[in-house]
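Count the sequence shown with the working numbering and you get residues 40 to 290, in order.
For glycine and all other residues, C-beta sits at the position ideal for the given N, C-alpha and C.
Please read the structure below before turning to the comments.
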Amino acid sequence: MSRRLALTLAFALAASPVAAEEVVVFAAASMKNALDDLAAQWQAETGNQVVISYAGSGKLAQQIVAGAPADIFVSAAPNWMDEVQKAGLVVAGMREDLLGNTLVLIAHGKDAAPVEIGAGFDLSALLGDGKLAMAMVDSVPAGQYGKAALTALGQWDKVEPAVAQSDNVRAALALVSTGEAPYGIVYATDAAADDNVTVVGTFPADSYPAIVYPAALLTGAADAADKAFYEALSGEAARAAFTAQGFTILK
């Protein structure tokens, strides 16, 4: 090979663009606004691609355990992350409690009167003949937290027949946003993301378990971009994106 040809090949290789890497994230539906913002910024900075699947944490955990090709998992509750970890799918030392949240009662529109949620609170009277939108109370963290709060307040048995359960918390939010249900139980961050609902009350912090969002790098992660985006979840840009949506930063 001539020296000129060798130099030409060297320059061509140096000028070739580095192939973009893809990061597949499974994340709780309540994270959509903040995580979409963060992913867009990170993609612009790195040239890599982030593909995010949003759903209820229980459904996502089950899909991961069944072999779904995810690189990172962010759950809205530790119990579903525990299931993924028990299956041996979390990289050792690559799990952390990332965020916190608050549980609120929302109403359709902007004219709903505020209520005091505590002793003597009668949610069934407030609902009347209407429905209470909630995420699935047996498998979705927002629904599990909500059921725990209503049980602690002595309201669950009274309102259970009126509960309209949805696949995830954003679907429950949509029921209230469109007026299909007059009230719903969601996270404070969900309420902040929809102008068609109003927070009419906040559930006492001692009425439900602390809301914790653990994040983990999974054993299916195969390239440097996966680890880089996992680390970016606790970086400065992420803190700004999460706090802007009302999350509490735990790390």
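Straight-line gap, residue i to residue j (C-alpha atoms, nearest Å)
i: Ala-187; j: Ser-246; result: 7 Å
i: Val-176; j: Asn-87; result: 37 Å
i: Thr-258; j: Val-202; result: 38 Å
i: Met-133; j: Val-113; result: 12 Å
i: Gln-82; j: Gly-159; result: 50 Å
i: Ser-216; j: Asp-233; result: 7 Å
i: Phe-281; j: Leu-74; result: 8 Å
i: Asp-150; j: Leu-212; result: 17 Å
i: Asn-140; j: Ala-261; result: 31 Å
i: Leu-192; j: Ala-227; result: 19 Å
i: Phe-242; j: Glu-60; result: 42 Å
i: Val-154; j: Ala-283; result: 26 Å
i: Glu-135; j: Ala-254; result: 6 Å
i: Ala-126; j: Ala-152; result: 47 Å
i: Leu-144; j: Gly-167; result: 15 Å
i: Gly-182; j: Ala-263; result: 35 Å
i: Val-123; j: Val-104; result: 6 Å
i: Gly-274; j: Leu-256; result: 15 Å
i: Ala-267; j: Val-62; result: 9 Å
First through last residue of the beta strand (DSSP E) which encompasses residue i
i: Glu-61; result: 61-67
i: Phe-112; result: 111-113
i: Thr-237; result: 236-241
i: Ala-94; result: 88-94
Cβ neighbours of residue i in the same chain (closer than 7 Å, five flanking residues each side left out)
i: Gly-302; result: Only positions 40 to 290 of the chain appear in the structure, and residue 302 is not among them; the question remains open.
i: Leu-138; result: Tyr-252, Phe-281, Phe-286, Thr-287, Ile-288 and Leu-289
i: Ala-277; result: Leu-77 and Ala-271
i: Gln-71; result: According to the sequence shown, residue 71 is Lys rather than Gln. Tyr-93 and Arg-209, listed in sequence order.
i: Gln-80; result: Ala-276
Residue i, DSSP secondary structure in three states
i: Asp-177; result: coil
i: Ile-224; result: strand
i: Leu-189; result: helix
i: Gln-124; result: helix
i: Ala-3; result: The requested residue 3 is not part of the displayed model; the chain covers only 40 to 290.
i: Ala-100; result: helix
i: Thr-184; result: This sequence places Tyr at residue 184; Thr is not what is there. The answer is helix: DSSP assigns Tyr-184 an H, G or I state.
i: Tyr-247; result: coil
i: Asp-262; result: coil
i: Glu-219; result: coil
i: Ala-277; result: helix
i: Asp-136; result: strand
i: Ala-201; result: helix
i: Ala-283; result: helix
i: Ala-107; result: coil
i: Ala-271; result: helix
i: Ala-231; result: helix
Residues of its chain near residue i, where Cβ-Cβ distance is below 6 Å and the 5 sequence neighbours each way are ignored
i: Leu-99; result: Phe-65
i: Val-198; result: Leu-162, Ser-163 and Leu-171
Where the alpha helix (DSSP H) through residue i begins and ends
i: Leu-214; result: 208-216
i: Leu-289; result: Element bounds for Leu-289: n/a, residue is neither H nor E.
i: Gln-82; result: 71-85
Contiguous alpha helix (DSSP H) assignments of at least 4 residues, all confined to the stretch 143-174: 162-166
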